[in-house]
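Visitor:
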Ligand SMILES: [Fe+2]
Ligand SMILES: [Fe+2]
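Chains as they are written, first to last, in our numbering: chain A, 1 to 340; chain B, 1 to 309; chain C, 1 to 117.
Given below as structure tokens:
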């Protein structure tokens, strides 16, 4: 944190219900200091004053990201037991474990904003908070594991690398760590696909089939078109979003096209072509009806993913309770010893 | 790529060949070549040594599979990470031991005209061997049930394997000694994890106590087999290569004697599962569970015998 | 300002204050994690986690934040045991509500020269 940032740190004036105790003049002063910090690329830290909207938007954004990491374990976890070589099994197990770690880092960042993980988990399994729509698609073959690494982790990297410069310190720091691991994920996915493409005819068909199924959902990962993303402007002003959805999507397409060529797969979009004028690829229209349906819960796996998460969470309650009860007993025993 | 902002370009990382120790055992892109090619020690029967490697490998491979079944089902996210760590450790042990067994000739008979010639020995042995050729103790293949049973299972399993590996560090076979040296800290961690949880479940709530005790009861019939000495083991013990499982009972008993009372759990008094004509897991005669485990584990590899992944 | 002022926010998560009821708590308490990446460096705050007690917190921290890298040193401390300084003298005026909202005082900036954080 820079010195100038340090001087603008102010105590918080917000309360949990969003009301402010501060008199209007002071509120103005706090807000100006906050705006100056953010505009100057400074970092906002947990105990700094921040506008309630900023805090709420951040909680929603980071929680949604955390939920995505945790729900995202399921489609890949689907193949751990059947991974067709021991090396692939080790990689996949490690990757799914990484995603649990990412979820934990991100929940940890949300907790600096005054919510706790249990609360967020409840919101997830009650469908009150969202996660990335991509994880509502099924993993039907092992090639899906490679394609998820390549396209889904690839899209996540595009989305997340700019967030390493997010204005909120704990989020930015979590993203640095996560992005480093995501690049491994993408690398293993691409390597798996290269192996399959150099393999048997059946393996090559498997890859193309997986690409056909995952390409469009990957493009949807960047969210609605800019015109339909009303909150983008505010989030960008707050530096918790660094590029618009369409900018990131374009960047992803431009990165991916040559990689697809290197692999020898066809991206399922007849309109995809280089536009010399724009110095970027043109691509076809996204099926926003499908996107909306999946976001609203009507994707192929929404119900299954949530039921799975709920079963794990609720099924683990007795274990968590046992550990808490044991800790309480231990604390009592230690207190007893001190008295005696 | 012109459209790519270089500042944000993490694709550099994709091209970089840096090796990150964070990545799981043997899962990296620059495989650490484990020295499995050392010759068998003088005077040791190579077939026996290969079989012994399979025994220790299968104990780990099958147990790792069972633990992997917890992925995305763990009682808390922190436990997702811990259970995956343990499964990865065991998978790592299995891979080296299978490769060693393969190097000593154990894989050849499982290669068929349809299996890809480039298929690694470890994969031939893991994916193209039927259950009758698996040499693991049956404890490794049992259903792990709920977290209570898993914890009880893990305490017994890790306590036993730790005692075994601790002694195996002195093996006359340099590969086994090296595998054991690496496995000891991993298994100590696993035993600590299991003991810590069994303590919390046993002395936690009424419900968790009941589930931990029930889990222990379920696991108990498989304990006796851990201490039976197979003829292959007996011959290799004489050659200074193997550990006599009969010698491990005292260590396991002492661990249980420490943990169970502290966890307010009772040492079960249940008879051992019967063997089939005197033969058990070490002879390739398993419970029905192993066939089901392998049906899942091997399904994709066997659907594409000519492929490598 | 001491985080111990904030008892209302913590009473549910604190085993020591949950003895009489016999009912289990909703969640495990929050721990802050500090890691010394290698000899010669200070311990640095890396994040937080939940654990039922100190021992498990250490265990989980090792899994999560150090990938079980032997030789690194880890501190864990209950988040509610941390007393954080106030950035401004205006603080007393805001203290009561401030603590309630930000009951997780991640008040440790990370120096730029610490790798991978
Ligand atoms: Fe991730
Ligand atoms: Fe990932």
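Quick reminder that beta carbons are idealized off the backbone N, C-alpha and C, glycines included. The structure presented is a predicted model; accordingly, all values stated were derived computationally and were not measured.
Taking only beta-carbon atoms, is residue 58 of chain C less than 8 angstroms away from chain A?
Guide: By this cut-off, residue 58 of chain C is not an interface position.
Visitor: CB-CB under 8 angstroms to residue 211 of chain B, same chain, minus the five flanking residues each way: which ones, in chain order?
Guide: Excluding sequence neighbours, residue 211 of chain B sits near 146, 147, 148, 149 and 201.
Visitor: Compute the Euclidean distance between the alpha carbons of residue 255 of chain B and residue 162 of chain B, then round it to the nearest angstrom.
Guide: Answer to the nearest angstrom: the Cα atoms are 11 angstroms apart.
Visitor: Taking residue 29 of chain C as the reference, give the member of C/85, C/60, C/35 and C/40 with the closest Cα.
Guide: It is C/60 whose Cα lies nearest to the Cα of residue 29 of chain C.
Visitor: Looking at residue 144 of chain A and ligand 2, is the gap between the Cβ and the nearest heavy atom below 7 angstroms?
Guide: The answer is no for residue 144 of chain A.
Visitor: If we ignore side chains and look at the alpha-carbon of each, how far apart do residue 94 of chain C and residue 31 of chain A end up?
Guide: Unreliable positioning characterises residue 94 of chain C in this predicted model, as indicated by a pLDDT of 39, which lies under 50. A coordinate reading is not provided.
Visitor: For residue 75 of chain C, which residues does DSSP report across the bridge?
Guide: Its beta-bridge partners are C/34.
Visitor: Going along the chain, which residues of its own chain have a beta-carbon closer than 6 angstroms to the beta-carbon of residue 268 of chain A, five neighbours each way excluded?
Guide: Contacts found: 212 and 215.
Visitor: Tell whether a beta-carbon distance below 8 angstroms holds between residue 117 of chain A and residue 107 of chain A.
Guide: Contact flag set, yes.
Visitor: Report the residue ranges of all beta strand (DSSP E) runs contained in full by the stretch 45-131 of chain A; include only those spanning at least 3 residues, in chain order.
Guide: DSSP runs (the beta strand (DSSP E)) wholly in the stretch 45-131 of chain A: none.
Visitor: Can you tell me whether DSSP reads residue 49 of chain C as helix, strand or coil?
Guide: Looking at residue 49 of chain C - three-state DSSP - the assignment turns out to be strand.
Visitor: Out of B/226, B/208 and B/196, state which residue places its alpha-carbon closest to the alpha-carbon of residue 258 of chain B.
Guide: Nearest option by C-alpha distance: B/196.
Visitor: Run through the DSSP bridge pairs and tell me what residue 60 of chain C is partnered with.
Guide: The partner list for residue 60 of chain C (beta bridge, DSSP) is empty, contrary to what the question assumes.
Visitor: I want to verify the contact list: residues of chain A whose CB lies under 7 angstroms from the CB of residue 145 of chain B, in sequence order.
Guide: Ordered by position in chain A, no residue passes the 7 angstroms Cβ test against residue 145 of chain B, which lies about 12 angstroms from the chain.
Visitor: Under 9 angstroms between beta-carbons, which chain A residues line up against residue 37 of chain C? List them in chain order, please.
Guide: Within 9 angstroms Cβ-Cβ: nothing; residue 37 of chain C doesn't reach chain A, min ~13 angstroms.
Visitor: For a contact defined as C-beta to C-beta under 8 angstroms, what are the partners of residue 80 of chain C on chain A?
Guide: What residue 80 of chain C touches in chain A: nothing, since even the nearest Cβ is about 12 angstroms away.
Visitor: Please enumerate, following chain order, all residues with a beta carbon closer than 5 angstroms to at least one heavy atom belonging to ligand 1.
Guide: This criterion selects A/69, A/99 and A/102.
Visitor: Taking Cβ to Cβ, would you say residue 311 of chain B is nearer than 8 angstroms to residue 96 of chain A?
Guide: Because chain B here runs from 1 to 309, residue 311 of chain B falls outside it and cannot be looked at.
Visitor: To which residues of the same chain is residue 301 of chain A closer than 7 angstroms at the C-beta, ignoring the five residues directly before and after it?
Guide: Only 136, 137 and 138 meet the Cβ criterion.
Visitor: Going along the chain, which residues of the stretch 72-91 of chain B sit with their C-beta nearer than 7 angstroms to a C-beta in chain C?
Guide: Answer in chain order: 78, 81, 82 and 85.
Visitor: Under 7 angstroms: does the beta carbon of residue 185 of chain A sit that close to some heavy atom of ligand 2?
Guide: Yes.
Visitor: Since residue 285 of chain B and residue 223 of chain B are thought to touch, with beta carbons under 8 angstroms apart, how far apart are those beta carbons, to the nearest angstrom?
Guide: Not quite, the Cβ-Cβ distance comes to about 18 angstroms (not below 8 angstroms), so this is no contact.
Visitor: Closer than 8 angstroms by beta-carbon distance: list the chain A residues that pair up with residue 84 of chain C, in chain order.
Guide: Correct list: 47.
Visitor: Assign residue 197 of chain B to one of three DSSP states: helix, strand, or coil.
Guide: Correct three-state label for residue 197 of chain B: helix.
Visitor: Quick one: using the 10 Å Cβ neighbour count with 16 as the cut-off for buried, is residue 236 of chain A buried or exposed?
Guide: Under this definition residue 236 of chain A is an exposed residue.
Visitor: Take the Cβ of residue 93 of chain B as the centre, count every other Cβ of all protein chains shown within 10 Å, and call the residue buried at 16 or more, exposed below.
Guide: That one is buried.
Visitor: Just how far apart, CA to CA, sit residue 56 of chain B and residue 102 of chain B?
Guide: Between residue 56 of chain B and residue 102 of chain B, the C-alpha separation is close to 13 angstroms.
Visitor: Check whether the Cβ of residue 156 of chain A sits closer than 7 angstroms to any heavy atom of ligand 2, and report yes or no.
Guide: True, at least one ligand heavy atom lies under 7 angstroms from that Cβ.
Visitor: Quick one: using the 10 Å Cβ neighbour count with 16 as the cut-off for buried, is residue 349 of chain A buried or exposed?
Guide: The structure shown does not extend to residue 349 of chain A, since chain A is modelled only from 1 to 340, so the question has no answer here.
Visitor: Does the CB of residue 117 of chain B have a neighbour CB from chain A at under 8 angstroms?
Guide: Chain A, which has no Cβ nearer than 8 angstroms to the Cβ of residue 117 of chain B, makes this no.
Visitor: Compute every distance between the C-beta of residue 182 of chain A and the non-hydrogen atoms of ligand 2, then say whether any falls below 7 angstroms.
Guide: Correct: residue 182 of chain A has its Cβ closer than 7 angstroms to ligand 2.
Visitor: Output needed for residue 66 of chain A: all residues of its chain with C-beta closer than 6 angstroms, excluding positions within five of it in sequence on either side, in chain order.
Guide: Same-chain partners within the cutoff: 103, 106 and 107.
Visitor: Going along chain C, which residues have a C-beta under 9 angstroms from residue 196 of chain B?
Guide: Those within 9 angstroms of residue 196 of chain B in chain C are 55, 56 and 59.
Visitor: Does the beta-carbon of residue 285 of chain A have 16 or more other beta-carbons within 10 angstroms, so that it is buried, or is it exposed?
Guide: Exposed, because fewer than 16 other Cβ atoms sit within 10 Å of the Cβ of residue 285 of chain A.
Visitor: Should the stretch 258-278 of chain B be called in touch with the stretch 164-180 of chain A, which here means at least 3 C-beta pairs below 8 angstroms?
Guide: Because the criterion of three Cβ pairs below 8 angstroms is not met, the stretch 258-278 of chain B and the stretch 164-180 of chain A do not touch.
Visitor: Between which residues of its own chain and residue 32 of chain C is the CB-CB distance below 6 angstroms, once the five residues before and five after are set aside?
Guide: For residue 32 of chain C, where only same-chain residues beyond five positions count, the Cβ hits under 6 angstroms are 48, 77 and 79.
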